[in-house]
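Right, one structure below, let's go through it.
Number of protein chains: 2
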Amino acid sequence: MTAVTTRPRGRPARTARPVEETRSAILDAALKLFSERGFEGAAMRDIAALASVEHSLLRYHYSDKATLWREALSRLITHMNAHMATGWRATEGMPVVERFKVILRHYVRYCARHPEHARIMVQEAVGDSDRVAWIAEQIVRPQHRGLARLLQGLMDQGHLPRLPIRSLIYMLSAAAQSPFTLAGEVRHAYGVDMSDAAEIERHADALIALLIRDEVAGPEPGPSSAQRAMGKTMLGL
Amino acid sequence: MTAVTTRPRGRPARTARPVEETRSAILDAALKLFSERGFEGAAMRDIAALASVEHSLLRYHYSDKATLWREALSRLITHMNAHMATGWRATEGMPVVERFKVILRHYVRYCARHPEHARIMVQEAVGDSDRVAWIAEQIVRPQHRGLARLLQGLMDQGHLPRLPIRSLIYMLSAAAQSPFTLAGEVRHAYGVDMSDAAEIERHADALIALLIRDEVAGPEPGPSSAQRAMGKTMLGL
DNA sequence: ATCATTATTGCCCAATTGGACTAAAATAAC
DNA sequence: GTTATTTTAGTCCAATTGGGCAATAATGAT
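The listed protein sequences correspond, in order, to chains G and R.
Position one of the first sequence corresponds to residue 58 (this note's numbering), numbered consecutively onward.
Position one of the second sequence corresponds to residue 58 (this note's numbering), numbered consecutively onward.
Next comes the structure, spelled out in structure tokens:
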């Protein structure tokens, strides 16, 4: 009565999927559930199910839950670095303001495509779990270092108000991420889908326009600040 | 053998604490743990322990976990409304820019004192739980309605660039909340305690200066935009 | 004084959790 | 072909989970 058609134990006949693909599927699933439910809330078995794999396999490839989390985030960082690096490289010779605008837009697009990123940051940035320390060391510090230099340059040239750099960095990145991190809320409150490409660009435009408010050019007496502000936005960015 | 000194079942002798205080302690604990670990991650028993109460009592006062969550958030909203209302009332006659600055500072202080608020918004703004819908209806929509009118006025008078209102609201509130929501990260990455009063005011200054960049006054030719930006910040806000 | 209601605890349960261990097929090494 | 290694699945376990329920002291009503 116990064994009628119980599937035999070990490795199944279909090893069509190469190992790396399996590992990647596991990390994808882990990232998704960790970001949606937090570390404790994400069950290993659910991650396994999402990756179409038995839950014991997670422990085979990644020795425990904390390791799985770290591996998933490591891969995310690698992707982010790759994405942002193209932005920095592509603008190497540019005047600093133009460069900043391009990089901002790049960043907004990344936030839109990877809302898990910001969500995990928020979920973990509390208490004293090892994970906060890991994030601060692996992600926040390197990222902020590069950004701080760029922002300092912009302030020195008067393209940005002279604010405490740390505040500026936090305001800037939060402003970039916010509508995507809160995409569910936006959908319910406004009926708008923030994964739509047009919405993404609109938000990038808005962020850039909020931060950089250059004069049109030259020393002409200039119109009222109201008219200036309006004209600016009409230009697209 | 089973019963040696087993405490008798029912209500204990010490009913020193009035009921309302118990209920309030439960909501405090619930808010704290929901914000730190998310809905699924927060265990009823842990909430109970934090409120120094047996876990069955939660089910007596609030029939189930979802109800407890809703009650905790309702009380949070009430507090927020009360806090912000004083800001709005206190500035009723003021010119719109000054009013905006005071209200912004008010909001930053609220964010600093109640980082749970933003953290819960982020954790829930995903998927299609009933909780997202509840938040959008109860919190986001009313709050944004009031803010939108104020921002529209500021744009019309040229104190803010003319951006899509929705984007502006999300950028603005995220920028206000960010360093407090991520306080753990800030502590690890910068060694700074964002609950410190001076840091709170510094961040409020930064936010205000980033958003409002009025001319000093009058139509004099004016210094370079670099000098202007610098002078501005030196003024405090 | 008696009785109903309120506020609280202790104990029970079925389901779920992270993890340990075992079984076995696929693959590579010889 | 045999053997070792890699990769997978199934089973068992102790702990924890949300929720159900009975017991009982405090409080209030009569």
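Think of the CB as a built atom: it goes at the ideal place given N, C-alpha and C, for glycine as much as any other residue.
Predicted, not measured: the structure shown is a model, and the values here were computed from it.
Could you please tell me which residues of the stretch 192–212 of chain G, in chain order, have their CB closer than 8 angstroms to any CB of chain R?
Answer set for the stretch 192–212 of chain G: 192, 193, 194, 197, 198, 201 and 212.
Expressed to the nearest angstrom, what Euclidean distance is found between the alpha-carbon atoms of residue 227 of chain G and residue 180 of chain G?
Residue 227 of chain G sits at position 170 when you count from the first residue of the first sequence. Residue 180 of chain G sits at position 123 when you count from the first residue of the first sequence. Between residue 227 of chain G and residue 180 of chain G, the C-alpha separation is close to 16 angstroms.
Give a yes or no on whether the minimum CB-CB distance between residue 107 of chain G and chain R is below 8 angstroms.
Locating residue 107 of chain G in the first sequence gives position 50, counting from the first residue. Residue 107 of chain G is outside the set of residues whose beta carbon lies under 8 angstroms from a beta carbon in chain R.
Beta-carbon proximity of residue 178 of chain G to residue 164 of chain G, cut-off 8 angstroms
Indexing the first sequence from 1 puts residue 178 of chain G at position 121. Indexing the first sequence from 1 puts residue 164 of chain G at position 107. No, the pair does not count as a contact, with Cβ atoms beyond the cut-off.
Quick one: which unbroken alpha helix (DSSP H) runs of 4-plus residues sit fully inside the stretch 152–211 of chain R? Chain order, please.
List check, alpha helix (DSSP H) in window: 153–170, 172–181 and 187–192.
Scan the stretch 213–236 of chain G for residues whose Cβ lies nearer than 9 angstroms to a Cβ of chain R and list them as they occur along the chain.
Hits within the stretch, in order: 213, 214, 215, 216, 217, 218, 219, 220, 221, 223, 224, 225, 227, 228, 229, 230, 231, 232, 233, 234, 235 and 236.
If residue 206 of chain R and residue 247 of chain G are in contact, beta carbons under 8 angstroms, what's the gap, nearest whole angstrom?
Taking the second sequence and counting its residues from 1, the one referred to as residue 206 of chain R is at position 149. Taking the first sequence and counting its residues from 1, the one referred to as residue 247 of chain G is at position 190. Not confirmed; about 16 angstroms, so no contact.
Less than 8 angstroms between CB atoms is the rule here; does residue 238 of chain G satisfy it with respect to chain R?
Translated into the one-based positions of the first sequence, residue 238 of chain G becomes position 181. Contact of residue 238 of chain G with chain R is assigned, a C-beta pair being separated by under 8 angstroms.
Residue interval of the alpha helix (DSSP H) (run including residue 269 of chain G)
Within the first sequence, numbered from 1, the residue matching residue 269 of chain G stands at position 212. Annotation: residue 269 of chain G is outside any alpha helix (DSSP H) and is labelled neither H nor E by DSSP.
Can you tell me whether residue 166 of chain G is buried or exposed? The criterion is at least 16 other CB atoms within 10 Å of its CB, across all chains shown.
The sequence position of residue 166 of chain G within the first sequence is 109, counting from 1. Burial call: buried.
Exposed or buried, which one is residue 81 of chain G when buried takes at least 16 other CB atoms within 10 Å?
If you number the first sequence from 1, residue 81 of chain G lands on position 24. Counting of Cβ neighbours within 10 angstroms places residue 81 of chain G among the exposed residues, the total staying below 16.
Interface residues of chain R around residue 178 of chain G at Cβ under 8 angstroms?
If you number the first sequence from 1, residue 178 of chain G lands on position 121. Going along chain R in sequence order, the residues near residue 178 of chain G (Cβ under 8 angstroms) are 239 and 242.
Which residue spans inside the stretch 89–161 of chain G form an unbroken alpha helix (DSSP H) run of at least 4?
Listed in chain order, they are 101–107, 112–118 and 122–147.
Below 9 angstroms on C-beta distance, what does residue 112 of chain R contact in chain G?
As a working mapping, residue 112 of chain R is identified with position 55 in the second sequence. Within chain G, no residue comes near residue 112 of chain R; the closest Cβ sits about 17 angstroms away, beyond 9 angstroms.
Who are the near neighbours of residue 70 of chain R in its chain, counting only those whose CB is closer than 6 angstroms to its CB and skipping five residues on each side?
The residue you call residue 70 of chain R lines up with position 13 of the second sequence. Reliability fails at residue 70 of chain R, whose pLDDT of 46 lies under 50, so the model's placement of it is uncertain and the value that follows must be treated cautiously. Non-local C-beta neighbours of residue 70 of chain R in its own chain, meaning closer than 6 angstroms and more than five positions away in sequence, are absent.
Along the chain, where does the alpha helix (DSSP H) that runs through residue 224 of chain R open and close?
Here residue 224 of chain R refers to the residue found at position 167 of the second sequence. For residue 224 of chain R, the enclosing alpha helix (DSSP H) stretches over residues 222–238.
Within chain R, partners of residue 254 of chain G - CB distance below 8 angstroms
Looking up residue 254 of chain G in the first sequence gives position 197. Proximity of chain R to residue 254 of chain G at the Cβ level (cut-off 8 angstroms) is not reached, the minimal Cβ distance being about 15 angstroms.
Quick one: does residue 296 of chain G have its CB under 8 angstroms from some CB of chain R?
Outside the displayed span of chain G (58 to 294) sits residue 296 of chain G, for which this structure offers no information.
Under 8 angstroms: do the stretch 89–102 of chain G and the stretch 168–177 of chain G share three or more Cβ pairs, one atom per stretch?
Yes: at least three Cβ pairs fall under 8 angstroms.
Going along chain G, which residues have a C-beta under 8 angstroms from residue 259 of chain R?
Translated into positions along the second sequence, residue 259 of chain R becomes position 202. Near residue 259 of chain R (Cβ distances below 8 angstroms), the residues of chain G are 221 and 224.
Please return the same chain residues whose Cβ sits closer than 6 angstroms to the Cβ of residue 77 of chain R, not counting the five positions on each side in sequence.
Within the second sequence, residue 77 of chain R is the residue found at index 20, counting from 1. Excluding its 5 nearest sequence neighbours in each direction, residue 77 of chain R has no C-beta neighbour in its own chain below 6 angstroms.
Verify the CB distance criterion: does residue 155 of chain G have a CB-CB separation below 8 angstroms to chain R?
In the first sequence, counting from the first residue as 1, residue 155 of chain G sits at position 98. No, residue 155 of chain G lies away from the interface with chain R (no Cβ there is under 8 angstroms from its Cβ).
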